[in-house]
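Only one structure is covered here, and it is reproduced in the block below.
Protein chains in written order, with this note's numbering: chain A, 7 to 118; chain B, 57 to 553.
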C-alpha cells in the first residue's frame with residue numbers, strides 16, 4: 007500500500023513541479039496546491055498505513071497512529087491560509103500590474 | 057517561575073492581538089507596541105541571566121512529559137538570540153514611528169510587526185521540530201503581510217516571488233519532517249537526537265544523511281545560502297526601511313540558527329559528508345555574496361549581498377565543528393544581526409533624504425548630515441571587523457577554528473572576504489558622503505534627528521559588544537559548549553537519559 011501511495015505522491019510532486027515552472031500565475035498557484043496535497047499525503051504515508059481503528063478511545067484497539075493526522079491537520083490549515091493570501095495577492099497584482107505572465111513581472115529598479 | 061521562558065513569545069503575541077482592536081488610533085498603537093517591547097527586552101535579559109546562573113531552562117507545555125508534549129527549550133544560544141531580537145525589534149519599532157507613514161500604521165502594521173517577532177522568538181525557543189515549522193509559518197505569514205503592505209507595484213511583484221519560494225520551502229520542510237518521523241518516530245528534538253544516535257551505532261544509515269541534506273536545502277532556502285539565495289536580492293529590495301531592517305536582521309538568521317541547531321544536535325555522527333558539503337556551500341555563499349556586493353552601485357543591493365556573505369561566514373564556522381569556531385559563529389551571528397539592522401536603517405535615512413538608492417546620484421551628504429555620516433562610517437568599520445569593533449572577535453575565532461580543523465582554504469577566503477566587504481561598504485561611504493553636496497528635493501520634510509536615534513543606539517551596542525567582548529565572552533562560550541556537546545541539551549530536556 008505504501009508503495010502505491012509513494013507513486014501517487016511522486017506523480018503529484020511531478021505535476022506540481024511542472025505547473026510551478028510555467029508562466030501563468032494561476033497555474034503556479036494550482037501547482038502549490040498540488041504540492042501541499044503531496045506533502046500532506048506523504049506525512050500520512052510515512053506515519054505508516056497499518057490497518058486499525060480510527061484514533062477514538064471508544065473504538066476497539068489497535069488504533070492507527072494519531073500523530074501524523076494531527077500534523078496534517080495543522081499543515082492543512084497553514085497552507086490554506088497561505089493559499090488564500092496568495093490568491094488575493096495574485097488578484098491584486100493582476101489589477102495593478104495588468105498581467106499574470108511571470109515573464110512580464112521581471113526586474114528590479116536600480117539595476118546597473 | 058517555570059513559565060519564564062515563554063514570556064518573550066507571549067508578550068508580542070498578546071500585544072499583536074490587542075493592536076488589532078486599536079487599528080485606527082495610531083498614538084495608542086505606538087504606546088502599546090513601544091511599552092510591550094520594552095517589557096519584552098527586560099524579560100529576555102532576565103532570561104539570559106537565568107540561563108547563565110542555573111543552566112538550560114526547559115518548559116514542558118501543559119506538563120506533558122518531554123518526548124510526548126511540546127517542550128520549549130532555552131539554552132544560552134536561544135536566550136541570547138531572543139534578547140538580540142527583542143532589542144532590534146524595539147529599535148526598528150521606534151524608527152517606524154517617524155518613517156513608516158500613517159497609511160501603513162492604520163492597516164495593522166504594528167500587529168503584523170509583533171506577530172513577526174512572535175514567530176522569530178518562537179523559532180529560537182522551541183524544542184520540537186514540527187513546532188519549529190509552525191513558528192516558521194507564523195514568521196513567514198507576518199513577513200508576507202509586511203512585505204506587501206502598501207501595495208506598490210514593486211512590492212506586489214516581489215511578494216509573489218517571495219511567497220512562491222517560501223511555499224515551496226515550507227512544503228519541503230513538511231516532507232523532511234515526514235521522512236524524519238518515519239525513521240525515528242518522534243518529533244522532540246532531543247529525543248530525535250537520541251534515536252539517531254541509537255540508529256547510528258557503528259554504521260550510520262544513509263537515509264539520515266539524505267534527511268540531513270534535505271534539511272540543509274529547506275533551511276538554506278530560508279537562510280539564503282549559495283545556490284538558494286536567488287530570491288533574496290529582489291524580495292528584500294521592495295519593502296520600506298524598517299521592515300527591511302527586520303528582515304535583514306532576523307529572517308535569514310532564523311534559517312542559520314536552524315541549520316546550526318540541526319547540524320550540531322541531530323546530524324553530528326557522520327560529519328564527513330554533511331559538514332564537508334556545508335563548508336563548501338558556506339564558502340560559495342561568501343564568494344557569491346562578495347561578487348554581488350562589489351558589482352552593484354545601489355546602497356540596498358550592496359547591504360543585501362553583505363547578508364549572504366555573513367551567512368556564509370557563520371555557517372563556515374558551524375561546519376568546522378570545533379568549540380572555537382562555534383563560539384566565533386555565535387559571536388558573529390549576534391554581531392551581524394545588530395549591524396545589519398543599523399546599516400539598513402541608515403540606508404533608509406539616506407534614501408529618505410535623497411529619494412534614491414543609486415550611488416551615482418548621491419554625493420556630499422556629510423556636509424549637511426555629519427551625524428549620519430559618522431554613524432555610517434563606524435557601522436561600516438564594524439561590519440568589516442576592524443579590531444575594537446564588534447565584527448572582529450567573531451571572525452577571529454571563526455578563522456582560528458577553521459585553521460584548527462585544517463580548512464585552510466576556507467579560512468583564507470573568510471579573511472579575504474573581509475577586505476572586499478570593507479571595499480563594498482566604503483564605496484557607499486566615499487561616493488555617497490564625500491564629494492560636492494547636491495540639492496535634494498525632500499530635505500526639509502525628513503526628521504533626520506529622530507530617525508537617527510535607533511541606528512545610533514544600535515551602533516553604540518555594536519561598539520560595546522566589540523569593546524566589551526571580555527564581558528560577553530563567558531555567555532557565548534556557554535552557548536557554544538551546549539552546541540559542541542549535545543548531551544547537555546539532551547539531558548536538560550529528557551531528564552532520565
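Each residue gets a CB set at the ideal place from its N, CA and C atoms; glycine is no exception.
Which chain B residues sit within Cβ distance under 7 Å of residue i?
i             : result
residue 81(A) : 230
residue 34(A) : 220
residue 45(A) : 227, 230 and 231
Give me the chain B residues within the contact set of residue i, using Cβ-Cβ distance strictly less than 9 Å, ordered along the chain.
i             : result
residue 88(A) : 193, 196, 197, 200, 219, 222, 223 and 226
residue 42(A) : 223, 226, 227 and 230
Please report whether the beta-carbon of residue i lies at a distance below 8 Å from any beta-carbon of chain C.
i             : result
residue 38(A) : Protein chains A and B are contained in the structure displayed, whereas chain C is not.
Going by beta carbon distance, what residues of the same chain come within less than 7 Å of residue i, once the five residues before and after it are set aside?
i              : result
residue 339(B) : 368, 372, 466 and 469
residue 74(A)  : 49, 50 and 53
residue 444(B) : 522 and 523
residue 472(B) : none
residue 78(A)  : 46, 49 and 50
residue 277(B) : 221, 225 and 284
residue 61(B)  : 103, 113, 115, 128, 130 and 181
Going by Cα to Cα distance, which pick from the options is closest to residue i?
i              : options                           : result
residue 212(B) : 31(A), 80(A), 27(A) and 43(A)     : 31(A)
residue 415(B) : 217(B), 491(B) and 156(B)         : 491(B)
residue 168(B) : 195(B), 151(B) and 157(B)         : 195(B)
residue 107(B) : 550(B), 543(B) and 532(B)         : 532(B)
residue 544(B) : 111(B), 98(B) and 85(B)           : 111(B)
residue 137(B) : 394(B), 319(B) and 223(B)         : 394(B)
residue 546(B) : 247(B), 275(B) and 274(B)         : 247(B)
residue 149(B) : 237(B), 130(B), 216(B) and 171(B) : 171(B)
residue 23(A)  : 97(B), 227(B), 119(B) and 178(B)  : 227(B)
residue 306(B) : 382(B), 462(B), 403(B) and 174(B) : 174(B)
residue 160(B) : 203(B), 478(B), 61(B) and 147(B)  : 203(B)
residue 312(B) : 206(B), 67(B) and 180(B)          : 180(B)
residue 308(B) : 431(B), 58(B), 274(B) and 325(B)  : 274(B)
residue 279(B) : 363(B), 348(B), 253(B) and 400(B) : 363(B)
residue 539(B) : 154(B), 442(B), 162(B) and 316(B) : 316(B)
Taking the DSSP output, what are the residues bridged to residue i?
i              : result
residue 495(B) : The partner list for residue 495(B) (beta bridge, DSSP) is empty, contrary to what the question assumes.
residue 69(A)  : 59(A)
residue 354(B) : 414(B)
residue 107(A) : 30(A)
Taking residue i as the query, report the chain A residues whose CB atoms sit under 8 Å from its CB, ordered along the chain.
i              : result
residue 390(B) : Simply none; closest approach about 30 Å.
residue 190(B) : 80 and 84
residue 212(B) : 95, 98, 99, 102 and 103
residue 48(B)  : Lying outside 57 to 553, the shown extent of chain B, residue 48(B) is not represented and no answer is given.
residue 135(B) : Near residue 135(B) there are no residues of chain A at all, since even the closest Cβ is about 27 Å away, more than 8 Å.
residue 186(B) : 77 and 80
Could you name the residues of the same chain whose beta carbon sits closer than 6 Å to that of residue i, not counting the 5 residues immediately before and after it, in chain order?
i              : result
residue 360(B) : 289 and 292
residue 42(A)  : 85
residue 534(B) : 132
residue 37(A)  : 22, 25 and 26
residue 456(B) : 380
residue 440(B) : 474, 477 and 478
residue 142(B) : 96, 97 and 100
residue 270(B) : 232
residue 320(B) : 539
Mind listing the chain A neighbours of residue i? Cutoff is C-beta to C-beta under 7 Å, in chain order.
i              : result
residue 209(B) : 102 and 103
residue 344(B) : What residue 344(B) touches in chain A: nothing, since even the nearest Cβ is about 17 Å away.
residue 204(B) : 95
residue 234(B) : 48, 49 and 52
I want to verify the contact list: residues of chain A whose CB lies under 9 Å from the CB of residue i, in sequence order.
i              : result
residue 237(B) : 49, 52, 53, 73, 74 and 77
residue 216(B) : 31, 34, 92, 95, 96, 99, 108 and 111
Keeping to the same chain, check which residues put their C-beta closer than 8 Å to that of residue i; ignore five residues upstream and five downstream.
i              : result
residue 109(A) : 29
residue 184(B) : 126, 127, 243, 244 and 245
residue 519(B) : 434, 438, 444, 445 and 446
residue 18(A)  : 40, 41, 43, 44 and 47
residue 68(B)  : 92, 93, 96, 145, 170, 171, 173, 174 and 177
residue 122(B) : 114, 116, 244, 246, 247, 549, 550 and 551
Any alpha helix (DSSP H) of 4 or more consecutive residues that is wholly inside the region 64 to 134 of chain B | 82 to 110
In the region 273 to 334 of chain B, which residue ranges form an unbroken alpha helix (DSSP H) of at least 4 residues, counting only runs that do not cross its ends?
-> 288 to 291, 297 to 302 and 308 to 321
Continuous alpha helix (DSSP H) assignments of at least 4 residues falling wholly in the region 145 to 201 of chain B | 158 to 162 and 165 to 181
Which ranges does the alpha helix (DSSP H) cover as unbroken runs of at least 4 residues, wholly within the region 218 to 257 of chain B, from first to last along the chain?
-> 245 to 255
Length at least 4, wholly inside the region 414 to 442 of chain B: the alpha helix (DSSP H) runs in chain order | 421 to 424 and 426 to 440
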